[in-house]
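Numbering (UniProt numbering), first residue to last: 1 to 465.
All C-beta atoms, glycine included, are put in the ideal place defined by N, C-alpha and C.
It should be emphasised that the depicted structure is a prediction, and the values quoted were computed from it without experimental measurement.
Report on one structure; see the data block that follows.
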Ligand code: SF4
Ligand code: SF4
């Protein structure tokens, strides 16, 4: 017969064994040298968006590193509070450039989240199912992503979206989902390979500048197809031959940041194989979130000696499209044409992609390109480098914190009086659109990827349709 005490004690033992199992995994996975490299100076604190919002040490990089170390050293139980503090981190890596000790915080948080995902009891069954489907079955498979793109296209074109918006049906799920529904991008059932082929030559009779292999991206190719098409058009105009390796897959960033590092590693290995014989001088990405993982494939696969040489070859060639255009492309001419509607110059402001800025060190190139556009007034917003709250799937998994961060961001945007926000990452673009809808000082503000904006401003472009 089961006593009442047995019933009460059993879950507590289970919980204890789970936290102990998590501690053991953290011990194996966390880089202890990196944990001890932190000298607790606190220089990273002002750069951290979650610390800025909460003012809590545990919500800062230094605090999270201390928690990781205390868990590994056996000084605290890595229970639910520990999991929450790690999951509240955006992974924006703004703390890294601020750190005088060069602590590799991005690697630490990825290792911690991976360990947490192996042992967490916090996910409900449907969340586990959804994660499994999306992170392991759908996102890594381009054909399935194209089905999602086709579904979105139908959703928008069939009138179903209008019906959902009119009836407020999305609010049945949550108020946040209703807001997110408003910014769903246009889908496409076909990507660049299917529509443009695997080779697009440089424009003009002058000798090509270089050969660039394009990373098409899972979301970019199925939800931002037009941006991919315009990326190719601009690169071709700037003198690059473009090859698009057909067997490439999603970069793995979404999986790596969600605690599914093994899945991300498998995708990295496949991508390296797909690009290795492309003859590329450069590998180009037009999404900061993807580029930041691509540029660290050598670090991601550091424990796989058989891949080191090829992963290093790959990582060394990766550049964001703005950097590639700025540093290596033919000089193009950009002019914003207002068609005489107004005599005042449109005000444009740029929101950094955290990963492009903090990991790829590519924060300047988009600004330099925008400065080349005549007919606009470029106004820097306060704290443009601070995260907008998108951070991969963060605005879905941590909507409250994401919203607070976004509200602060929109105050800075509103101060500039901008009527156009430019970004370099699809997640930032959607999040900023959400910000305009919810907190913009007018909802006429256009949010665009830098490539879409430059393409429209490009003079004498022969369009790739
Ligand atoms: S990655 Fe971003 S949110 Fe996380 S600790 Fe560093 S600065 Fe803060
Ligand atoms: S700046 Fe670097 S060394 Fe200083 S507290 Fe932050 S992580 Fe630690």
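Inset, instruction - Kindly examine ligand 2 and report whether one of its heavy atoms sits closer than 7 Å to the Cβ of residue 32. - result: Checking the Cβ of residue 32 against ligand 2 gives no.
Inset, instruction - Please list, in chain order, all residues of the same chain as residue 152 whose beta carbon is under 6 Å from its beta carbon, the five residues on each side excluded. - result: 187
Legend entry - Any heavy atom of ligand 1 nearer than 6 Å to the CB - residues listed: Going by the Cβ distance cut-off, the answer is 47, 48, 49, 50, 61, 64, 89, 90, 91, 92, 93, 94, 95 and 105.
Legend entry - Sequence-distant residues of its chain with Cβ nearer than 6 Å to residue 466 (five each side left out): With the chain represented from 1 up to 465, any question about residue 466 goes unanswered, as that position is not in the structure.
Legend entry - First through last residue of the beta strand (DSSP E) which encompasses residue 144: Per DSSP, residue 144 belongs to no beta strand (DSSP E); it is in the alpha helix (DSSP H), 142 to 157.
Inset, instruction - Inspect the CB distances between the stretch 349 to 369 and the stretch 302 to 316 and report whether three or more fall short of 8 Å. - result: no
Inset, instruction - Look at the Cβ atom of residue 144, then the Cβ atom of residue 138, and state whether they are nearer than 8 Å. - result: yes
Legend entry - Per DSSP, the bridge partner or partners of residue 317: Beta-bridge partners of residue 317 (DSSP): none assigned.
Legend entry - Supposed contact pair residue 285 and residue 213 - C-beta distance, whole angstroms, cut 8 Å: Rounded, the Cβ-Cβ distance is 10 Å, inconsistent with contact.
Inset, instruction - Report whether the distance from the Cβ of residue 39 to the nearest heavy atom of ligand 2 is below 7 Å. - result: yes
Inset, instruction - For residue 218, collect the residues of the same chain with a Cβ closer than 7 Å to its Cβ; drop the 5 residues on either side in sequence, then sort them by chain order. - result: 139, 142, 145 and 250
Inset, instruction - Please find out if some non-hydrogen atom of ligand 2 comes closer than 7 Å to the beta-carbon of residue 275. - result: No.
Legend entry - C-beta atoms of residue 333 and residue 418 nearer than 8 Å: no
Legend entry - Beta-ladder partner(s) of residue 200, from DSSP: Answer by DSSP bridge pairing, in chain order: 242.
Legend entry - residue 282 (DSSP reduced to helix, strand or coil): Strand.
Inset, instruction - Inspect the CB distances between the stretch 393 to 410 and the stretch 369 to 380 and report whether three or more fall short of 8 Å. - result: no
Legend entry - Own chain partners of residue 365 with C-beta closer than 6 Å, once the 5 adjacent residues on each side are dropped: 322, 323 and 326
Inset, instruction - Could you tell me the distance, in whole angstroms, from the CA atom of residue 406 to the CA atom of residue 147? - result: 31 Å
Legend entry - residue 298 classed as buried or exposed, judged by whether at least 16 other C-beta atoms fall within 10 angstroms: Buried, because 16 or more other Cβ atoms sit within 10 Å of the Cβ of residue 298.
Inset, instruction - Assign residue 39 to buried or exposed, taking buried as 16 or more other Cβ atoms, counted over all protein chains shown, within 10 Å of its Cβ. - result: exposed
Legend entry - Cα-Cα separation between residue 337 and residue 458, rounded to whole angstroms: 10 Å
Inset, instruction - Find out if the Cβ-Cβ distance for the pair residue 111, residue 22 is shorter than 8 Å. - result: no
Inset, instruction - Could you have a look at residue 420 and say whether DSSP puts it in helix, strand or coil? - result: strand
Inset, instruction - In the DSSP assignment, find the alpha helix (DSSP H) that holds residue 112 and state where it starts and stops. - result: For residue 112, the enclosing alpha helix (DSSP H) has its first and last residue at 105 to 119.
Inset, instruction - May I ask whether a heavy atom of ligand 2 can be found less than 7 Å away from the beta carbon of residue 101? - result: yes
Inset, instruction - Give me the Cα-Cα distance between residue 374 and residue 234, rounded to the nearest whole angstrom. - result: 17 Å
Legend entry - Rounded C-alpha distance that separates residue 319 from residue 181: 32 Å
Inset, instruction - Use the C-beta contact count for residue 165: other C-beta atoms within 10 angstroms, 16 or more gives buried, fewer gives exposed. - result: Exposed.
Inset, instruction - Between the Cα of residue 176 and those of 204, 434, 191 and 222, spot the shortest distance and give me the residue it belongs to. - result: 434
Legend entry - Inter-residue spacing [alpha-carbon to alpha-carbon] between residue 362 and residue 372: 17 Å
Inset, instruction - Assuming residue 261 contacts residue 106 (C-beta within less than 8 Å), just tell me the rounded distance between them. - result: Between residue 106 and residue 261 the Cβ distance is about 12 Å, and since that is not below 8 Å, they are no contact.
Legend entry - Limits of the alpha helix (DSSP H) - the one that residue 81 falls within: 80 to 88
Inset, instruction - With DSSP collapsed to three states, give me the class of residue 469. - result: Nothing can be reported for residue 469, as the shown portion of the chain is limited to 1 through 465.
Legend entry - is_contact[residue 109, chain B] using C-beta, thresh 8 Å: Here there is only one protein chain, and chain B is not present.
Inset, instruction - Taking all protein chains shown into account, decide if residue 95 is buried (16 or more other Cβ within 10 angstroms of its Cβ) or exposed. - result: When all chains shown are included, residue 95 counts as buried.
Inset, instruction - Tell me whether residue 228 is buried or exposed, calling it buried when 16 or more other Cβ atoms sit within 10 Å of its Cβ. - result: buried
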